[in-house]
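Peer 1: Every letter in the sequence shown is one number past the one before it in the working numbering, and letter 184, counting from 1, is 184.
Don't be surprised by glycine CBs; every beta carbon is placed ideally from N, CA and C.
This one's a predicted model, so the numbers in the text were calculated from it and none came from an experiment.
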Amino acid sequence: MTRATILGLGSYVPERVLTNADFERMVDTSHEWIMTRTGIAERHIARPDEDTSDMCAAAAREAFADAGVTPEEIDLVIAGTVTPDFLVPSLACIIQKKLGLINAATMDVVAACAGFIHGLSVAQAYIACGTFKKILVFGAEKLSSITDYTDRGTCILFGDAAGAAIVGPATDDSGILAIHIKSDGRHDELLNIPAGGTHLPVVGNGSVDPRLSKLHMKGNEVFKFAVRHMGDAALRVIADAGLTPDQVDLLVPHQANIRIIKATAARLRLPMDKVYLNIEKYGNTSAASIPLALDQAVHEGRIKKGDIVLGVAFGGGLTWGAVLLRW
Ligand code: UT7
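1. Looking at the structure shown, is A287 part of a helix, part of a strand, or coil, going by DSSP?
2. Can you tell me whether H199 is helix, strand or coil according to DSSP?
3. Below 8 Å between beta carbons: does that hold for I156 and T285?
4. Among the residues of its own chain, which have a CB less than 7 Å from the CB of F132, if the five just before and after it don't count?
5. Would A313 and A162 qualify as a contact pair, given that the criterion is a beta-carbon distance under 8 Å?
6. Can you tell me where the beta strand (DSSP E) with H31 in it begins and where it stops?
7. By DSSP, does T319 sit in helix, in strand, or in coil?
8. Quick one, which of I40, A104 and S11 has its alpha-carbon nearest A60's?
9. Residues in its own chain within less than 7 Å of R326 by CB, not counting five upstream and five downstream?
10. Taking 7 Å as the limit between beta carbons, can you name the residues of its chain near V69, skipping five residues before and five after?
11. Give the straight-line distance between the Cα atoms of V137 and I117, rounded to the nearest whole angstrom.
12. With C-beta atoms as the reference, is C56 less than 8 Å away from A164?
13. Which of the three DSSP states, helix, strand or coil, is assigned to R16?
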């Protein structure tokens, strides 16, 4: 089977920044509480007229330049998101239109914060069997559009961003060594948006509390699952690749909470200088978190050719996944 590799990366974060001081004016919270409990100081928020697809298009333009690939070469677009511009058509279709990806098939993947790794696993399978040759995989979110800014338990966490990766067949020893995805839908109520689907449609006559169209989370329960499953998934891909945790050069975790990240690193016995962190500046950007962090880590020289890189994510569903790559 052909090994899939990342040929190029790009990312985008909106300009506007919400600081912890801003939240002190909005809800009953403090900079100290947010920093200690989450590690977040700032998050970026998209303009009202800036859609998820606009952020994706900006990220993709960087990825095209990085990979030396043209839009016409893309034969599949996979968009990992829970905040598409529309329910129909898919976010991937809108991106296709905006970037002129005339030769591509398109699909969205809904796996919350694990959306990018889920998308990457789909891309890897298509590359392995030879169906597609150049796949554009996004993790992108405009979480500000589904955040309840009156709920201090969630609003301080989330930011907006997009990350893009161009995936294709490896021509050297780089690429995905192992990838694993998993879900447990029995815990659907721990992180959800109650209204807006067929179960509780929003009809616009005021019959549904608008807050039900925003993200709801039982944070401390999600926390426990995240610590367990991120560690398990990480150990699994390392074992599947025939490696040991000490051979990992950089852990690039979903940036949900500094305490979850530290617990995951401790489980793998990885020192924190082998962990990439940008949570302080961007907060939790859900599916965008890992591709944004990967792109920044490469630009900062934290990932070099030949490095073993571990990505691991956890999110609503519940969903989780891990990927081990040789860069
Ligand atoms: O992205 C993928 C999935 N998401 C996650 O992985 C997130 C996982 N969960 C978390 O990161 C954490 O659970 C939170 C950061 C959301 C919350 O931290 P926590 O340590 O689990 O706090 P808690 O929910 O147990 O709440 C402890 C206290 C409560 O007050 P009482 O009942 O003890 O008086 C909360 O009301 O902290 C209070 N609290 C706050 N206080 C100040 C909750 N949010 C805030 C806040 N500022 N923003």
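Peer 2: The short version:
1. Here residue 287 corresponds to residue number 287 of the sequence shown, with the count starting at 1. A287 falls in the helix class under three-state DSSP.
2. Stepping through the sequence shown from its first residue, residue 199 is reached at position 199. In the three-state DSSP reduction, H199 falls in the coil class, being neither helix nor strand.
3. Looking up residue 156 in the sequence shown gives position 156. Looking up residue 285 in the sequence shown gives position 285. No, Cβ-Cβ distance for I156 and T285 is not below 8 Å.
4. On the sequence shown, position 132 is the one that residue 132 refers to. D75, L76 and Y126.
5. One-based indexing of the sequence shown puts residue 313 at position 313. One-based indexing of the sequence shown puts residue 162 at position 162. Not closer than 8 Å, so no.
6. Residue 31 sits at position 31 when you count from the first residue of the sequence shown. It is not in any beta strand (DSSP E) - H31 instead sits in the alpha helix (DSSP H) that spans H31 to T38.
7. Here residue 319 corresponds to residue number 319 of the sequence shown, with the count starting at 1. Note: T319 maps to strand in three-state DSSP.
8. Counting from one through the sequence shown, the residue named residue 60 turns up at place 60. The shortest C-alpha separation from A60 is found at S11.
9. Taking the first residue of the sequence shown as 1, we reach residue 326 at position 326. Only residues of its own chain outside the window of five on either side were considered, and among them D173, S174, G175, L177, G306 and I308 have a CB closer than 7 Å to the CB of R326, listed in chain order.
10. Stepping through the sequence shown from its first residue, residue 69 is reached at position 69. Cβ within range, chain order: L7, G8, K134 and I166.
11. One-based indexing of the sequence shown puts residue 137 at position 137. One-based indexing of the sequence shown puts residue 117 at position 117. Each residue's CA atom was taken as its position, placing V137 and I117 some 9 Å apart.
12. Translated into positions along the sequence shown, residue 56 becomes position 56. Translated into positions along the sequence shown, residue 164 becomes position 164. Going by C-beta atoms, C56 is nearer than 8 Å to A164.
13. As a working mapping, residue 16 is identified with position 16 in the sequence shown. Looking at R16 - three-state DSSP - the assignment turns out to be strand.
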